[in-house]
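Heads up, the thing below is written out as structure tokens.
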Amino acid sequence: MEEEILFVGTINMGVSLYLPAAPTLWDTVKADETRLETDGTASRESVSTVLLGGRAAVLGRVGSDAFGQTMTETLRGRGVDVQGITVAEGVPSGMIFVHRVRGEQAPALIYSAGANDSYQPGDLAEFESLFEGRKTVVISNRLPACAVTEAAAMAKCHGAFVLLSATPVERLPLELYPSVDIILPNEADVCTLTGRQEPDLKTARLALSTLLERGARTAILKYGADGVLIATGNEFLTLGQSEMGMEIDKNGDRNIFVAALALALNRGEGLYSAAIYAQAAAFLSRAKEGIRAQVPTREELREHLRKNPIFSEQN
Numbered sequence: 001m002e003e004e005i006l007f008v009g010t011i012n013m014g015v016s017l018y019l020p021a022a023p024t025l026w027d028t029v030k031a032d033e034t035r036l037e038t039d040g041t042a043s044r045e046s047v048s049t050v051l052l053g054g055r056a057a058v059l060g061r062v063g064s065d066a067f068g069q070t071m072t073e074t075l076r077g078r079g080v081d082v083q084g085i086t087v088a089e090g091v092p093s094g095m096i097f098v099h100r101v102r103g104e105q106a107p108a109l110i111y112s113a114g115a116n117d118s119y120q121p122g123d124l125a126e127f128e129s130l131f132e133g134r135k136t137v138v139i140s141n142r143l144p145a146c147a148v149t150e151a152a153a154m155a156k157c158h159g160a161f162v163l164l165s166a167t168p169v170e171r172l173p174l175e176l177y178p179s180v181d182i183i184l185p186n187e188a189d190v191c192t193l194t195g196r197q198e199p200d201l202k203t204a205r206l207a208l209s210t211l212l213e214r215g216a217r218t219a220i221l222k223y224g225a226d227g228v229l230i231a232t233g234n235e236f237l238t239l240g241q242s243e244m245g246m247e248i249d250k251n252g253d254r255n256i257f258v259a260a261l262a263l264a265l266n267r268g269e270g271l272y273s274a275a276i277y278a279q280a281a282a283f284l285s286r287a288k289e290g291i292r293a294q295v296p297t298r299e300e301l302r303e304h305l306r307k308n309p310i311f312s313e314q315n
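In full-length UniProt numbering, the protein residues as written are 1 to 315.
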């Protein structure tokens, strides 16, 4: 049986509001439609892993409200191992509100962390058994620094391969980097690390080099529709033809990329083969109504990779 991947991250109730026009100050706009979806980094990535044919477990927190129970049961129903989900008593669940104006691609988002921000130093000690024998652990930096650091240290202590979604990179403590096998920033992190207003390939290479110097073993940046920049101690490699810009995760496919990358590595693929698989999964995803991009089927992925030798090195 395939080994489970552990996802340590946020669990949110996503509320998508579809508006006929953007509201102005003190304006009341009636939404055309409202949708509720289980969201958050751990939720998205674990469900994507299951849909791609893998097995996934989540370590995260929900609030002591109806949303918390609903999200836990939703993830369970989608095949995710939820034994690592706990309830933060007296705290609301994390919420993300997505406002979409009909006809416009870019939504406005409002995030309330709720239970996701309730971790205190030492809280993860009771979950050490979840890390025992684990081959691959994926951690999101959207949790408090104490939880991120403890999860990475615990994963490495038990010999796991650690992937870290770095955003927001400025919050990462320096002592964390040596525990990270693959660090995954976004375009905003590139700007933070280099002091530039707009990212490009040159500044992205500089940013990834900085992450390697801090102790991460590999750095990978997914950008645009199909762009991937990989930095190791020996080389830079680029996949795809996308231009780099500030359209960060427009279609919500970054989580699919992370899930597919972790899944391929968990199955024993090498770094570059895993990156190609993840690139294809993200590229084939289609934004649907609501928050999440749609995960491609395994058959779609297999056919796409057969027809498209998309790995290319760019100097």
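Here a beta-carbon is modelled for each residue, glycine too, at the ideal position from N, C-alpha and C.
The beta-carbon separation of residue 243 and residue 224, rounded to 6 Å, stays under the 8 Å limit for a contact. Fewer than three Cβ pairs drawn from the stretch 99-119 and the stretch 73-84 lie within less than 8 Å of each other, which leaves the two stretches out of contact.
Cβ-Cβ distances below 8 Å link residue 305 to 276, 277 and 280 in the same chain, with the five nearest sequence neighbours on each side left out; the list follows chain order. Contact between residue 144 and residue 177 fails: their C-beta atoms lie close to 18 Å from each other, not under 8 Å.
Take residue 69, set aside five residues on each side of it, and the residues of its chain with a beta-carbon closer than 8 Å to its own are 62, in chain order. In this structure, residue 134 lies away from residue 37, with their beta-carbon atoms at least 9 Å apart.
For residue 241, there is no enclosing alpha helix (DSSP H), as DSSP gives it neither H nor E.
The Cβ-Cβ distance between residue 46 and residue 57 falls below 9 Å. In the three-state DSSP reduction, residue 306 falls in the helix class (H, G or I). When the beta-carbon positions are compared, residue 193 and residue 165 stay at least 9 Å from each other. Beta-bridge partners of residue 163 (DSSP): 138 and 182. Residue range 201-213 is occupied by the alpha helix (DSSP H) that includes residue 208, with no beta strand (DSSP E) assigned at that position. Annotation for residue 60: no alpha helix (DSSP H) segment contains it, though the beta strand (DSSP E) segment containing it runs 55-63. Distance between residue 141 and residue 258, taken at the CA atoms: about 13 Å. In this structure, the CA atom of residue 75 is about 12 Å from the CA atom of residue 55.
Straight-line spacing of the CA atoms in residue 159 and residue 307 works out to 37 Å. When 128, 139, 103 and 31 are compared, the shortest CA-CA separation from residue 44 is found for 139. Three or more Cβ pairs closer than 8 Å define a contact, and the stretch 92-106 meets that threshold against the stretch 4-16.
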